[in-house]
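Under this note's numbering, residue 1724 is the last one in the sequence shown; the count climbs by one each step, no gaps. Beta carbons: idealized from backbone N, C-alpha and C, even for Gly.
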Amino acid sequence: MEFKKIKELQVNERIDGFFIIKSLELKTSANGKKYLDLTLGDKTGDINAKIWEYAEGDEEKYIENMLVKVRGIVSSWQNSLQLKIEKIRETIPSDGVNIKDFVPVAPFDSEFMYQEIQSYVEGMKNKDIKNIVSTILEENHNKLMHYPAAKKNHHAMKGGLLYHVFTMLKAGEKLSEIYTFINTDLLYAGVILHDMAKLEEMDASELGIVSEYTVEGQLLGHIIQGIKKLEITAQKVGANKEVTMMLQHMILSHHYEPEYGSPVKPMFPEAELLHYLDIIDARMYDMNRILGDTKSGGFSEKIYSLEGRRIYKGEIACQE
């Protein structure tokens, strides 16, 4: 039987495939029967899966980040694909598969992106901004090598947070050549720091897979965690109060709307530009990913992260 990738799955087909267990939970159905609810993933996406014929101990036998071979039937539930698992086992050496081949990874090496980001910091003229940013970067170097920018949606991949920052810096640099009144020290610092507290908001493995949100992450969120961390770091390096306050404002306002976690909107140009750089980068990432799975001349499925829009892939976009 042909091994299938998640993006290739079709309703009503029986498939064999190799997948990573991204999450696993023992649940009880309405009739009182226990079953396992899983999220399986590969480089092409995720799918919800069920083991209805639950055996005692299966929730301990199969764990998160394990690479498994699965046989099952694809169905549809609430407009999303779902896999009913008939057989499952952990992979063995003779399968010839490597777990790293099943994990989405940023298109650039993490250490390369980190050094590129460091070059922006080295060019900063404001000593306080430079000290704050370099300290936070250095303290988080190891986590940055593998952390994603989200559990799902944009930049949910190994090294995704670095890649998000890296591409935003490149875009911000170009825009600052047009809007020459922009203070690039402030802008670059805001870009680097705006999502840095996601390292504490989420628990992620070295494969870049988020298992869950931390207790503090759920209670406070990365915006509040971010301004707390910045306050501590600013005091440590003896930074100017206004510098600290403006950087905190950029973190606090970058989601723009209260319902998305920002109690205030941007009140100076660098903060405003940070918000739109964040939006642009997230949406371009999602659109590019979605178009890769969309046929030429057709529309994608509705995309939750894009307000339920369907994305069109024009014929002209596919031409040389």
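Where the alpha helix (DSSP H) through residue i begins and ends
{"i": "T1648", "result": "1645-1657"}
{"i": "V1641", "result": "1625-1641"}
{"i": "I1596", "result": "1588-1597"}
{"i": "D1462", "result": "1462-1465"}
Pairwise C-alpha distance: residue j and residue i
{"i": "P1662", "j": "K1669", "result": "9 Å"}
{"i": "S1580", "j": "L1623", "result": "36 Å"}
{"i": "G1476", "j": "E1543", "result": "44 Å"}
{"i": "M1528", "j": "E1674", "result": "15 Å"}
{"i": "S1433", "j": "Y1439", "result": "7 Å"}
{"i": "E1429", "j": "I1410", "result": "20 Å"}
{"i": "I1596", "j": "S1484", "result": "35 Å"}
{"i": "Q1639", "j": "M1650", "result": "15 Å"}
{"i": "I1424", "j": "V1509", "result": "14 Å"}
{"i": "I1521", "j": "L1548", "result": "12 Å"}
{"i": "D1545", "j": "M1654", "result": "Reading the sequence as shown, one finds His at residue 1545 and not Asp. Cα to Cα, H1545 sits roughly 22 Å from M1654."}
{"i": "S1538", "j": "K1578", "result": "22 Å"}
{"i": "P1667", "j": "A1459", "result": "48 Å"}
{"i": "V1641", "j": "N1535", "result": "7 Å"}
{"i": "W1456", "j": "E1616", "result": "24 Å"}
{"i": "P1511", "j": "L1591", "result": "24 Å"}
{"i": "F1516", "j": "G1461", "result": "43 Å"}
{"i": "F1506", "j": "D1446", "result": "5 Å"}
{"i": "T1637", "j": "H1626", "result": "16 Å"}
{"i": "I1496", "j": "M1470", "result": "11 Å"}
{"i": "I1540", "j": "D1532", "result": "12 Å"}
{"i": "K1632", "j": "A1643", "result": "15 Å"}
{"i": "K1465", "j": "E1494", "result": "9 Å"}
{"i": "Q1486", "j": "D1499", "result": "24 Å"}
Residue i, enclosing beta strand (DSSP E) - first and last residue
{"i": "E1494", "result": "1484-1494"}
{"i": "A1453", "result": "1449-1455"}
{"i": "D1441", "result": "1438-1446"}
{"i": "E1605", "result": "Unbroken run through E1605 is the alpha helix (DSSP H), 1602-1605; no beta strand (DSSP E)."}
{"i": "V1614", "result": "1614-1617"}
Same chain only: Cβ atoms within 8 Å of residue i, ignoring 5 sequence neighbours per side
{"i": "I1715", "result": "M1691, I1694, L1695, T1698, F1703, S1704, I1707"}
{"i": "Q1629", "result": "A1601, E1604, E1605, E1620, G1621"}
{"i": "A1553", "result": "H1559, A1560, G1564, L1565, Y1567, H1568, D1599, K1602"}
{"i": "N1416", "result": "I1477, V1478, S1479"}
{"i": "K1717", "result": "L1695, T1698, K1699, S1700, G1701, G1702, F1703, S1704"}
{"i": "Q1414", "result": "V1478"}
{"i": "G1594", "result": "L1651, M1654, I1655, H1658, E1674, A1675, L1678"}
{"i": "I1720", "result": "none"}
{"i": "E1468", "result": "I1425, K1426, S1427, L1428, S1609, I1613, S1615"}
Proximal residues to residue i (C-beta, below 7 Å), its chain only, five neighbours per side dropped
{"i": "R1687", "result": "L1710"}
Beta-carbon contacts of residue i that lie in its chain and below 6 Å, excluding the five residues immediately before and after
{"i": "Y1551", "result": "L1565, L1603, A1608"}
{"i": "I1492", "result": "V1472, V1474"}
{"i": "E1490", "result": "R1475, G1476"}
{"i": "A1575", "result": "L1681"}
Bridge partner(s) assigned by DSSP for residue i
{"i": "R1418", "result": "I1477"}
{"i": "F1512", "result": "Answer is none; F1512 lacks a bridge partner."}
{"i": "T1432", "result": "K1438"}
{"i": "S1427", "result": "T1443"}
{"i": "A1459", "result": "Paired residue(s): none; A1459 is not in a bridge."}
{"i": "F1407", "result": "D1420"}
{"i": "V1507", "result": "BP columns for V1507 are empty, so no partner."}
{"i": "V1472", "result": "F1423, E1494"}
Give the list of continuous alpha helix (DSSP H) stretches no shorter than 4 residues that lie fully inside the region 1528-1578. 1531-1543, 1545-1548
Which full runs of the beta strand (DSSP E) of 3+ residues lie inside the region 1670-1720, going along the chain? none
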